[in-house]
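The structure appears below as C-alpha cells.
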Amino acid sequence: MPASVVPAEVRSTVSTAEVCMSQLGVGSRARVARIVGDSQDVVRLKALGVCEGRWVEVLRQGDAWVLRVLGSRIGVSRRLIDSVRLFAA
Amino acid sequence: MSVGQSNPDLPKTATVGLATPASATDGATIALVGNPNAGKTSLFNRLTGLRAHTANFAGTTVEHRRGQLKPSTRRPLRKTPLQVIDLPGLYSFETTTPEEAIARNVLLGEHPGEARPQAIVIVVDATNLERNLPLAFEAIALGKPTLVALNMSDLTERLGLRLDLEKLSGRLGCPVVRVSARTGDGIDDLVIAIQSLADEQRLPMLDDAACACISCSGCGYASRFNWAESVRADTLSGDLNASSRVTDALDRVLTHRVGGLIAFALLMFGVFMAIFSIATVPMDLIDGLFGWAGESVGAWLPEGDLKSLVVDGVIAGVGGMLVFLPQICLLFFLLALLEESGYLARAALVMDRLMQRVGLPGQAFVPLLSAHACAIPAIMSTRVIDDRRDRLVTILVAPLMSCSARVPVYAMVVAMLLPNRPVAAALTFTGAYALGVVAALAVAWALKRTILPGESRPLVIELPNYRLPSIRNALLETVDRAWQFVQNAGTTILVISIVLWVLATYPKTDLADLPATDQQAVATLEAAGQTDQAEALLAQRSLERSLVGRLGGLMQPVFEPLGFDWKMTVGVVTSFAAREVIVSTLSILYGLGEEGDEASLLDALSTATDPAGKPVFTTATCLSLLVFYVLAMQCLPTQAVTRRETGGWKWPLFQLGYMSLLAYVAAWATHAVASLYA
Numbered sequence: 000m001p002a003s004v005v006p007a008e009v010r011s012t013v014s015t016a017e018v019c020m021s022q023l024g025v026g027s028r029a030r031v032a033r034i035v036g037d038s039q040d041v042v043r044l045k046a047l048g049v050c051e052g053r054w055v056e057v058l059r060q061g062d063a064w065v066l067r068v069l070g071s072r073i074g075v076s077r078r079l080i081d082s083v084r085l086f087a088a
Numbered sequence: 000m001s002v003g004q005s006n007p008d009l010p011k012t013a014t015v016g017l018a019t020p021a022s023a024t025d026g027a028t029i030a031l032v033g034n035p036n037a038g039k040t041s042l043f044n045r046l047t048g049l050r051a052h053t054a055n056f057a058g059t060t061v062e063h064r065r066g067q068l069k070p071s072t073r074r075p076l077r078k079t080p081l082q083v084i085d086l087p088g089l090y091s092f093e094t095t096t097p098e099e100a101i102a103r104n105v106l107l108g109e110h111p112g113e114a115r116p117q118a119i120v121i122v123v124d125a126t127n128l129e130r131n132l133p134l135a136f137e138a139i140a141l142g143k144p145t146l147v148a149l150n151m152s153d154l155t156e157r158l159g160l161r162l163d164l165e166k167l168s169g170r171l172g173c174p175v176v177r178v179s180a181r182t183g184d185g186i187d188d189l190v191i192a193i194q195s196l197a198d199e200q201r202l203p204m205l206d207d208a209a210c211a212c213i214s215c216s217g218c219g220y221a222s223r224f225n226w227a228e229s230v231r232a233d234t235l236s237g238d239l240n241a242s243s244r245v246t247d248a249l250d251r252v253l254t255h256r257v258g259g260l261i262a263f264a265l266l267m268f269g270v271f272m273a274i275f276s277i278a279t280v281p282m283d284l285i286d287g288l289f290g291w292a293g294e295s296v297g298a299w300l301p302e303g304d305l306k307s308l309v310v311d312g313v314i315a316g317v318g319g320m321l322v323f324l325p326q327i328c329l330l331f332f333l334l335a336l337l338e339e340s341g342y343l344a345r346a347a348l349v350m351d352r353l354m355q356r357v358g359l360p361g362q363a364f365v366p367l368l369s370a371h372a373c374a375i376p377a378i379m380s381t382r383v384i385d386d387r388r389d390r391l392v393t394i395l396v397a398p399l400m401s402c403s404a405r406v407p408v409y410a411m412v413v414a415m416l417l418p419n420r421p422v423a424a425a426l427t428f429t430g431a432y433a434l435g436v437v438a439a440l441a442v443a444w445a446l447k448r449t450i451l452p453g454e455s456r457p458l459v460i461e462l463p464n465y466r467l468p469s470i471r472n473a474l475l476e477t478v479d480r481a482w483q484f485v486q487n488a489g490t491t492i493l494v495i496s497i498v499l500w501v502l503a504t505y506p507k508t509d510l511a512d513l514p515a516t517d518q519q520a521v522a523t524l525e526a527a528g529q530t531d532q533a534e535a536l537l538a539q540r541s542l543e544r545s546l547v548g549r550l551g552g553l554m555q556p557v558f559e560p561l562g563f564d565w566k567m568t569v570g571v572v573t574s575f576a577a578r579e580v581i582v583s584t585l586s587i588l589y590g591l592g593e594e595g596d597e598a599s600l601l602d603a604l605s606t607a608t609d610p611a612g613k614p615v616f617t618t619a620t621c622l623s624l625l626v627f628y629v630l631a632m633q634c635l636p637t638q639a640v641t642r643r644e645t646g647g648w649k650w651p652l653f654q655l656g657y658m659s660l661l662a663y664v665a666a667w668a669t670h671a672v673a674s675l676y677a
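Protein chains in written order, with numbering that gives the first Met the number 0: chain A, 0 to 88; chain B, 0 to 677.
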C-alpha cells in the first residue's frame, strides 16, 4: 500500500481542535478546517469542494473513499485522506 | 463570509463592474466553458449540430471540437456565422491537468496560435449550482462578454426545485438562459442570446459580494464556494437532495468493494459480448464488400502490375484495416454511453486499488480492457487519464493486450499445436491472453520505475449523478472518433500497403525465370487441369524471389534461435503492418495461394519439413511463434494512433522497439525451454 502523501512532520502538528479525516467513520459529517499540502492533487481536492469551511460526509471507506461534498460525491484515494483536517465535533 | 484572495491567474485588467458596450463582431469565436460533468459537450452538439469538427490545439495533442453556431429559427441568417469552441472541462483556473491548462490559457488569450474568444458561454449544471458556480465566478471575472447556459433545467423542474432566474442573473451580472441539452429545450433561446452577446458585447457585472471575494486575501476556493453557496441559497429552493437519491442507491452496489467489482466484470462482459457478437455481421459485410470490390475492379483492369497494385495492394490493404471498423465503432459507442451515464467514474474508483499496484490509476483499466477488442480505440480513450506520464504508460502497454486481430494467428498456431484436443487448446488460447495481460502490467510497472518514474497520482474524481445517456451524443462521438481513425491510420496503412505490395511483387518472376524443375512442375499441373495449384506454385516462387522474400532470407539467421525457418521469417516481415497477414503469407509460401482453406493450410504446416527432413513446426517452434505474436507490435495503424496521441514518432518507435525486443527474447526463451522438454 503506498504511503500517505502527507509528510510525517505535518501529521504530527495536528491541532487539538482538529481531527484527521481518517478518524471519521462512515456516515460521519464534519466541517473542513484546512487542507495540508500544496501538491496538484491537493489543489484538485480543493477545486472539487474539499476546502476550508465546507461540510463533508463519509459515504464509503477503503482504498478509495467516497465523500459527499457540495451535494454530490467525489472519490478520493486513501493516500490523500489525511491531508484533510476537520474541526473536531 | 470568510475572506478570500484574488486569483493570480486573472488578468489585472478584469473589468468587473464596468459595463462598456463594444462594437458588434461578425464571425466571432464563442468559447464554451464549464465543469467536466456539466453537459458542455452535449450542449455544444446541440448548438452546432453536424457542423462541427475535431482539431488539436496548436502545438499540442489536446483535442477540442469547434463548429459554426447553428442559425436561430427566429432570427435572420448572419452573414458570417459565429464559431463555437468547446474547451476541455475544468473545475478552476488553478489547473491540474494539461487539458485544463489549455482551456484556461485559451480563455485568457495566452495560448499561442489561438485567438482569444470574443465571448464566453459558461455551462452550469442547474441541479448542482454550488459545484459549478465557483468556475463561473472565475470566468465572469475575466470581464469578457459572458452568459450562463443553465443546463439540465428540465431536471430541476422534474425534481420540483424552484429556480429564480432573474435573481440568479442579477447575482451573476450576466444573462442566464435555461436550457436542456438532453431534450433540446431552450436551445433556440440560447442561440439568440449568444448572437446578441456577440453583437452587443455586453460586459458582465458581478454582485458586490463577488467583488469582495476578488479583493480579499485568504483561501480563494473557500471564498468562491461561500459565494456560490450564498447564490444558491438566494436562487434555488426545494429538496436539493432529490437528484442524488437514485445515485446513492445505485452507488451502494456499484462502488462497493466486492459488489462494485462484480458489477464491473458483468458490465464489461456484456460490452465484449456485444462487440464480438454484433460486430461480426458488419465485419463480414465489409470483408465481402472489399472482396467483391477487388474482383469487380480486377475484372475491369487489364492484367498487369496496375491491377495487382489496385487489387492486392490498395483494396486488400485498406479492406484489411476497415474490417475492424465495426468493432472499433461499437467500442467507442458503448464507452461513450458508459461515460455519459456517469458509470466510468465508478469503474475508475473500484479498479483504482488494483491498478495502483502496477503504478497506474484506476482510469487506466477501461482503456487496457478495451485493448482486447482493438488497441486503437483503447489508446484514444486514455484521454480520461489526467496525468501525462500515466497516460503515456497506458498507451505504451495497451497493444500488449491480445486484440481481435491476433485471434487468427492464435487459432492457426493452437490448432497446429493441439489438434483434436479442445480443452488443452482452450487453455493455451487463454494462456496467450493471460500472457498479454501479465506482460502489459509488468511493463507498466517497469516503466513507472525507470524511464517514466513517479508514483501514480492519487485518485481524486467527481462521481456525477447517474443519468440516462444520449444515443445522439454517443453516435456523434463514435462517428467523430471513427473518422479520426480512418483519416490517421487509413493514410498510413494505405502507404504501407503500397510499400509492402512493391516489396512482395518486385522483382517480377515469370515462369521462364524459374529453375527447370519448377517449370516442369507447373507445366505438369497445368496439363493435369490443376490450374489453381499451378498458379499457387508460381505465386509461392514469386514471393520467395521478391524483395520481401529475400529480406526474409537475409533476416532468417536473426530468427533462427526462435526456431523460425525462412518462410516464417518472411511471414514476420510481411505481417509487420498487420499481424494477421502472417496466415495468408504462410498460405502462399506453402503453395496454397492467398486464400487456401484452413484445413489445407494446417495440414501443409503440420507436415512441413526442413531440408534435413525434420518437422518445421515442432512444439517448441509453435510455442515460440505464439509467444512472439502475443508480444510483438506488428500493427501499423496502432503505431499511427500512438504517434497522434503522443505528438511525434519518438514514443511509437520506442513502443515498436521494446515490444519487438520483448517478443524476441520471450520467444527465444520459450523455444529454448520447450526444446529441452519436447
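We put the CB at the ideal spot given by N, CA and C, even for glycine. This structure is a prediction, so every number in the text was calculated from the model and none was measured.
Alpha-carbon to alpha-carbon, residue j and residue i
i: residue 77(B); j: residue 460(B); result: 41 Å
i: residue 81(A); j: residue 56(A); result: 15 Å
i: residue 355(B); j: residue 455(B); result: 7 Å
i: residue 408(B); j: residue 257(B); result: 36 Å
i: residue 49(A); j: residue 248(B); result: 23 Å
i: residue 147(B); j: residue 139(B); result: 9 Å
i: residue 198(B); j: residue 50(B); result: 22 Å
i: residue 272(B); j: residue 406(B); result: 16 Å
i: residue 255(B); j: residue 79(B); result: 53 Å
i: residue 62(B); j: residue 56(B); result: 6 Å
i: residue 83(A); j: residue 349(B); result: 22 Å
i: residue 431(B); j: residue 629(B); result: 6 Å
i: residue 616(B); j: residue 633(B); result: 21 Å
i: residue 37(B); j: residue 103(B); result: 17 Å
i: residue 346(B); j: residue 328(B); result: 21 Å
Host alpha helix (DSSP H) of residue i (start-end)
i: residue 221(B); result: 219-234
i: residue 299(B); result: 279-299
i: residue 124(B); result: It is not in any alpha helix (DSSP H) - residue 124(B) instead sits in the beta strand (DSSP E) that spans 118-124.
i: residue 375(B); result: 374-379
i: residue 703(B); result: Lying outside 0 to 677, the shown extent of chain B, residue 703(B) is not represented and no answer is given.
i: residue 329(B); result: 324-340
Residue i and residue j closer than 8 Å at C-beta
i: residue 619(B); j: residue 562(B); result: yes
i: residue 68(B); j: residue 46(B); result: yes
i: residue 59(A); j: residue 65(A); result: yes
i: residue 172(B); j: residue 133(B); result: no
i: residue 381(B); j: residue 398(B); result: no
i: residue 158(B); j: residue 126(B); result: yes
i: residue 174(B); j: residue 88(B); result: no
i: residue 340(B); j: residue 465(B); result: yes
i: residue 233(B); j: residue 166(B); result: yes
i: residue 231(B); j: residue 129(B); result: yes
i: residue 588(B); j: residue 532(B); result: no
First through last residue of the beta strand (DSSP E) which encompasses residue i
i: residue 76(A); result: 71-76
i: residue 58(A); result: 54-59
i: residue 83(B); result: 82-85
i: residue 17(A); result: 17-19
Spatial neighbours of residue i in its chain, beta-carbon cut-off 6 Å, leaving aside the 5 residues before and after
i: residue 21(B); result: Residue placement at residue 21(B) is poorly supported in this model, since its pLDDT is 39, which falls under 50; the coordinates are not used for a value here.
i: residue 270(B); result: 333
i: residue 377(B); result: 366, 369, 370, 397
Own chain residues within Cβ distance below 7 Å of residue i, not counting five before or after
i: residue 503(B); result: 542, 545, 547, 573
i: residue 191(B); result: 71, 73, 74
i: residue 495(B); result: 576, 635
Cβ neighbours of residue i in the same chain (closer than 8 Å, five flanking residues each side left out)
i: residue 601(B); result: 411, 414, 415, 418
Worksheet entry | Positions along the segment 45-66 of chain A whose CB lies within less than 8 Å of some CB in chain B | 45, 46, 47, 48, 50, 51, 52, 53, 58, 59, 61, 62, 63, 65
Practice prompt. For the segment 87-103 of chain B, enumerate the residues whose C-beta is nearer than 7 Å to any C-beta of chain A, in chain order.
Written response: Here the close residues are 90, 91, 93, 95.
Worksheet item: If contact means a Cβ-Cβ distance below 9 Å, which residues of the segment 438-462 of chain B contact chain A?
Response: 454, 455, 456, 457, 458, 459, 460, 461, 462
Practice prompt. Identify each residue in the segment 120-138 of chain B for which the Cβ-Cβ distance to at least one residue of chain A is less than 7 Å, and report them in chain order.
Written response: Taking 7 Å as the Cβ-Cβ cut-off against chain A, the residues of the segment 120-138 of chain B that qualify are 127, 129, 130.
Discussion item. At a CB distance below 7 Å, what residues from the segment 12-40 of chain A approach chain B? Give them in sequence order.
Written reply: 39, 40
Worksheet entry | Residues within the segment 352-365 of chain B neighbouring chain A, beta-carbon criterion of under 7 Å | 352, 355
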